[in-house]
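See structure below.
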Amino acid sequence: MKKIRDVQTVIGLLEDGQLAQDFSDLLQKTLADLKELAGPKGKAKGSVTLKMDLTAEGGTVTINSDIAAKTPKSGRAASVLFVLDDGSLSTEHPRQMSMFGGPRDIDGERRRAGDEA
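Structure follows, in structure tokens:
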């Protein structure tokens with residue numbers, strides 16, 4: 000009678016070896032995603048989880064497995080705008096004078112504050 004004494008063998012046997020391959024692939028993908036999210040000097044945290052549900056019955060055990068990965072969502076940059084009294088938005092503080100005549104139009108011409116395009 001062959002005895003299985005280590006977890007590596009058990010994981011290798013599950014789903015005829017497909018679970019081990021999928022787990023390895025998911026780990027590699029998660030590491031690549033974390034590297035991309037962290038960038039050259041940043042930090043990103045994630046996890047890869049193997050869950051095994053065990054059901055013992057009449058001298059046998061049934062193992063149902065699941066693997067999952069968590070990675071942080073890539074963040075989007077925040078934008079700060081000013082809300083004017085009439086509820087519209089502006090890139091300029093409403094109580095400060097404009098030093099440069101306001102935002103430029105697409106064609107590069109300057110507009111005065113309050114002018115409509």
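So in numbering that gives the first Met the number 0, spot 36 of the sequence shown is number 35, and the numbers just go up one at a time.
C-beta: ideal position from N, C-alpha, C; glycine also.
By Cβ distance, which residues of its chain are closer than 6 angstroms to residue i, with the 5 residues on each side in sequence left out?
i, result
"residue 67", "48"
"residue 18", "64"
What separation, rounded to the nearest whole angstrom, lies between the Cα atoms of residue i and residue j?
i, j, result
"residue 79", "residue 25", "38 angstroms"
"residue 74", "residue 96", "33 angstroms"
"residue 9", "residue 39", "38 angstroms"
"residue 16", "residue 5", "15 angstroms"
Can you tell me the Cβ-Cβ gap for residue i and residue j, rounded? I've got them flagged as a contact below 8 angstroms.
i, j, result
"residue 72", "residue 45", "About 11 angstroms; that fails the 8 angstroms criterion."
"residue 118", "residue 53", "With the chain running from 0 to 116 in the structure shown, residue 118 is simply not present."
Note down, in chain order, each residue of its chain lying with its Cβ closer than 8 angstroms to the Cβ of residue i, except the 5 sequence neighbours on either side.
i, result
"residue 3", "9, 12"
Contiguous beta strand (DSSP E) assignments of at least 3 residues, all confined to the region 31-102: For the region 31-102, whole beta strand (DSSP E) runs of length 3 or above, ordered along the chain, are 46-56, 59-69.
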